[in-house]
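**Student:**
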Amino acid sequence: MATLAAVIASTHHPFYYRASTAPPEERPPFADAWVAKILAFRETLTRARPDVLVMVGSDHFHQLWLDNMPQFLVGKAPFYDANFYNEEREFGLPKMTLRGSEELSTHILRGGLDEGFDLAFSNELRIDHSITCPIITLRPEADLPIVPVYTNIFAPPMPQPWRFVELGKALRRLVESWPSELRVAVIGTGHLSLELGGPRQFGPHGPDPEFDRKAVEWIAGGDIERALAEVSLESLWNPGNATHGFMDFMLMMGVAGEGAKADHVDTLDLFHTMEAYFTWYPEGAPA
Amino acid sequence: MSKYLLNKFLFTVDRDPELVERYREDPVGTVAWWESSMANSILNCHSGESSTWLAFEPGEREALSSHDYIRLFELGAHPFLTLTLFIALFERDYAEPLAFQKEYGARLARFSLPYPDIST
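Protein chains in written order, with the numbering used here: chain X, 1 to 287; chain Z, 288 to 407.
#1: Assuming G111(X) is part of the alpha helix (DSSP H), what are its boundary residues?
#2: Quick one: give me the first and last residue of the alpha helix (DSSP H) that R379(Z) is part of.
#3: Among L66(X), I8(X) and Q63(X), whose alpha-carbon lies nearest the alpha-carbon of I38(X)?
#4: For T317(Z), decide whether its Cβ has a neighbour in chain X, counting only Cβ atoms nearer than 9 Å.
#5: Does the structure place the segment 180–198 of chain X close enough to the segment 15–33 of chain X that three or more beta carbon pairs sit under 8 Å?
#6: Which residues bound the beta strand (DSSP E) around S122(X)?
#7: Do you know whose CA, among V52(X), V231(X) and P24(X), lies nearest V165(X)'s CA?
#8: Could you please give the first and the last residue of the uninterrupted beta strand (DSSP E) stretch that includes G407(Z)?
#9: List, in chain order, every chain X residue whose beta-carbon is nearer than 7 Å to that of A396(Z).
#10: Does the count of Cβ pairs from the segment 88–98 of chain X and the segment 154–164 of chain X closer than 8 Å reach three?
#11: Quick one: any contact between the segment 242–258 of chain X and the segment 217–231 of chain X, if contact means 3 or more CB pairs under 8 Å?
#12: Taking the runs of the beta strand (DSSP E) that are 3 residues or longer, which of them lie wholly in the segment 117–179 of chain X?
#13: Output yes or no for whether 9 Å exceeds the beta carbon distance between I405(Z) and G363(Z).
#14: Provide the residue(s) that pair with D266(X) in DSSP beta bridges, ordered along the chain.
#15: Using a Cβ cut-off of 8 Å, pull out every chain X residue sitting near Y402(Z), in sequence order please.
#16: What does the alpha-carbon distance come out to for the pair G284(X) and P50(X)?
#17: Does the Cβ-Cβ distance between Y277(X) and T11(X) come in under 9 Å?
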């Protein structure tokens, strides 16, 4: 069976690409510290020697729209083009093309359906910065085949937080039951407290530093029970109007498992939002 | 309330560079043209198929026609769609990075929790 080589949860900040590639005179003052943290984070994936990446993210009204909105969707395609005109416009993100692992997509779709998740699928999916940001930060060679998994953290009505956790647990079972000798990393990105298009946006810190502190503690300690006790669809509006992206972190806590302490934990208090990076090695830390 | 249609306008304009410029230069004309010719297009469907019932309410039409993002927030338009499009429209007019975004937030300061419902 396949090996779950690493579980990685991260924020996806679309400003990183530009901040890290700008010429020195245009680099923002926080760029060097940010790059240093990303390089250390990248090493945690490199050490796991993955062959395939399951990438959990969320479409930001790019391909998925309110006339036909899936709650959970798995891509099944040989290739995924990436990044959209408005991401190039606002963030300077490059166009990319990633290979897909159709074999693992097929396995996850069949197994997920049989476990009770009515997963939508797409045979032609253009992926956005929720998946390309972690490719840029963690695997800039963009050389590994992926399976994109999209969740709806964006358009009410959304699934309950516990459902994200359960899907994460199911994804782990499905990866570990994939008849393959390959090493799989599951990488998911979301948000801590975040406000977009509201009065608390683009402040000196994230909109709710206290939520961020607690959230990092829950994730780092694998404290699913506590997170589920303190978080609801209703409560997530309070730390910031885009904070439902935290449910993708909860999904990744489900992949890592109850009580699983992260092997790598790092944060960066940027203006506007707190960056957070976590890596778990289910098989033990690689040598 | 036709929050869905407000969002559909923001979504379709934001994804089209020519429409972004047209909406910046002529909001009244662009909104009128869009409502009469685009509002009932089913986006993820064969071209030629369309709906029959979608129209803005007067306050919605007015908010879009006057680039009034504060009113759009109040009406429950999806804040991500509004922000993304309005950055494309107006960020260029500000010298400092993020100055438009910060002003945008400050102009919404009178809103407290719970914010207007964005459910569609």
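Every residue gets a Cβ at the ideal spot worked out from N, C-alpha and C, and that includes glycine. In this text the structure is predicted, and so the values were computed from the model without any measurement.
**Tutor:** Result, derived from the coordinates:
#1: Residue range E102 to D114 is occupied by the alpha helix (DSSP H) that includes G111(X).
#2: Unbroken run through R379(Z): none, as it is neither H nor E.
#3: By alpha-carbon distance to I38(X), the top candidate from L66(X), I8(X) and Q63(X) is I8(X).
#4: For T317(Z), the answer is no, since every Cβ of chain X falls outside 9 Å of its Cβ.
#5: By the Cβ rule, the segment 15–33 of chain X does not count as touching the segment 180–198 of chain X, because fewer than three pairs are nearer than 8 Å.
#6: It spans A120 to S122 - the beta strand (DSSP E) in which S122(X) sits, taken as one unbroken run.
#7: Comparing Cα positions, the closest option is V231(X).
#8: First, the amino acid is wrong: residue 407(Z) is Thr here, not Gly. Where T407(Z) is concerned, there is no enclosing beta strand (DSSP E), because DSSP gives it neither an H nor an E.
#9: Correct list: P199.
#10: The segment 88–98 of chain X, when compared against the segment 154–164 of chain X, does not touch it at the 8 Å Cβ threshold.
#11: The segment 242–258 of chain X is in contact with the segment 217–231 of chain X.
#12: Every unbroken stretch of the beta strand (DSSP E) spanning 3 or more residues and falling wholly within the segment 117–179 of chain X is given here in chain order: 120–122 and 146–151.
#13: Less than 9 Å separates the beta-carbon of I405(Z) from that of G363(Z).
#14: Under DSSP, D266(X) shares a beta bridge with Y277(X).
#15: Residues of chain X whose Cβ lies closer than 8 Å to the Cβ of Y402(Z) are, in chain order, G198, W237 and N241.
#16: G284(X) and P50(X) have their alpha carbons spaced roughly 14 Å apart.
#17: Note that the C-beta distance between Y277(X) and T11(X) is below 9 Å.
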